[in-house]
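Numbering (this note's numbering), first residue to last: 890 to 1095.
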């Protein structure tokens, strides 16, 4: 048996999925190389239950930066009993607004698919006020970010399954294997290359 992704933690079969930790590190380092200093990571508790690999990558990346450039992860609230979808959305908007006011992020990396619209709802324009990149350019409203190579993930999963069939390997494995597929960075309009301020102050022709 083979499963794709970490959404379903059971049964503990062999796994083929995107390399979320390395993808996040690639994204965060690339964003900084594009000229952004204050880079934040936004996610939700519902996402971390599938594994906190991107959050771990964000914390690891932040630990290498000067204190003044470190921004804490924004972890949106979980749904509470009796809380409507609209009320949860309003709570998350409030959390996003407070986080932006306090930490003044210049760019955001996220796995929240509608974060661009959420930023617009609280008055921030992408990319004019804040740049945005997603952990999957196919699943969100940011066109800059990571291409997880979904077709390759699917292809590898089939190869693993064929291998198990050929070796008569059936049932739940006693030692599950994980195959992680590396993603690639894709430039996009939501995260333009930033011109250093010092360059903009140069006289014409210099």
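Note that beta-carbon positions come from the ideal geometry of N, C-alpha and C, so glycine has one too.
Please read these numbers as outputs of a predicted model, since none were measured by experiment.
Nearest-angstrom Cα separation, counted from residue 1070 out to residue 1062: Distance between the alpha carbons of residue 1062 and residue 1070: 21 Å.
Per-residue DSSP class, three states only, for residue 964: strand
Whole-number beta carbon distance between residue 1025 and residue 1035, since they are thought to touch under 8 Å: The Cβ separation is near 6 Å, so the contact holds.
Residue from 964, 910, 903, 947 with nearest C-alpha to residue 932: Put simply, of 964, 910, 903, 947 the residue whose alpha carbon is nearest the alpha carbon of residue 932 is 964.
4 or more residues per run - each alpha helix (DSSP H) lying fully within the stretch 892-956: 909-922, 934-937, 942-952
CB of residue 1065 within 8 Å of CB of residue 902, strictly: yes
Of the residues 1078, 936, 911, the one placed nearest residue 1002, counting alpha carbons only: Per the Cα distances, 936.
Bridge partners - residue 1010, DSSP secondary structure assignment: BP columns for residue 1010 are empty, so no partner.
Cβ neighbour criterion (16 or more within 10 Å) applied to residue 1091: Below a pLDDT of 50, predicted positions are generally treated as unreliable, and residue 1091, at 44, falls in that range; the measurement from the model is reported next regardless. Residue 1091 comes out exposed.
Residues near residue 896 by beta carbon distance below 8 Å, same chain, minus five either side: 939
Backbone CA spacing between residue 942 and residue 1073 [nearest angstrom]: 17 Å
Cut-off 6 Å between Cβ atoms - residues of its own chain near residue 977, not counting five sequence neighbours on either side: 968
The ligand COA heavy atom lying under 7 Å from the CB of residue 925: Although the ligand COA was asked about, the structure shown includes no ligands whatsoever.
Segment limits, alpha helix (DSSP H) that includes residue 1039: If you look at residue 1039, you'll find it in the alpha helix (DSSP H) that goes 1039-1055.
Residue environment, residue 912, which counts as buried when at least 16 other CB atoms sit within 10 Å: buried
DSSP-derived helix/strand/coil call for residue 1067: strand
Beta-carbon contacts of residue 1078 that lie in its chain and below 8 Å, excluding the five residues immediately before and after: 1016, 1032, 1033
Member of 1080, 979, 1076 whose CA lies at the smallest distance from the CA of residue 966: Of the candidates 1080, 979, 1076, the one whose C-alpha sits nearest the C-alpha of residue 966 is 979.
Cα-Cα separation between residue 1046 and residue 1039, rounded to whole angstroms: 11 Å
Reduced DSSP secondary structure (H/G/I, E/B, other) of residue 982: helix
Residue 920 and residue 1027 closer than 8 Å at C-beta: Contact flag unset, no.
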